[in-house]
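S.K.: Please see the structure below; I have some questions.
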Amino acid sequence: MTKFRNAVENIHSRFRVPLTLRCECGTIMKLEVCRSQAGYYLGFECQCSGPYSRETDYFRNHDEAQLELEKYRDSVNN
Ligand SMILES: [Zn+2]
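Numbering (numbering that gives the first Met the number 0), first residue to last: 0 to 77.
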């Protein structure tokens, strides 16, 4: 089983993760592809403090993370 598949299961099983989240500073953050030294993940970031939360495992590259984000958005909207 690929890391990608694991991440899909992870994000769906935990999922009460919203598509948007309000930071303490008042900024509305969107669930997005984020990057750290460990890799790409889906999470929230705010300009006030940088990384806010990580909601998935790490992906190997930006494209995989972006695809997962789009799949998740579709599953929420359906
Ligand atoms: Zn903030």
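We put the CB at the ideal spot given by N, CA and C, even for glycine.
Under 8 Å between C-beta atoms, does Pro17 make it to chain B?
M.R.: No chain B appears in the structure shown, which is made up of a single protein chain.
S.K.: Would you call Thr1 buried or exposed, if buried means 16 or more other Cβ atoms sit within 10 Å of its Cβ?
M.R.: Interpretation of Thr1 is limited by its pLDDT of 43, a score under 50 that renders its predicted location unreliable; the figure taken from the coordinates is listed afterwards. That one is exposed.
S.K.: Is Ser52 helix, strand or coil by DSSP?
M.R.: strand
S.K.: Between which two residues does the alpha helix (DSSP H) carrying Arg34 extend?
M.R.: Segment 31-35 is the beta strand (DSSP E) holding Arg34; no alpha helix (DSSP H) there.
S.K.: What does a CB cutoff of less than 7 Å around Val32 pick up in its chain, not counting 5 residues either side in sequence?
M.R.: Tyr39, Leu41, His61, Ala64, Gln65, Leu68
S.K.: Go through its chain and collect everything with a Cβ distance to Val16's Cβ below 6 Å, but skip five positions before and after it.
M.R.: Glu54
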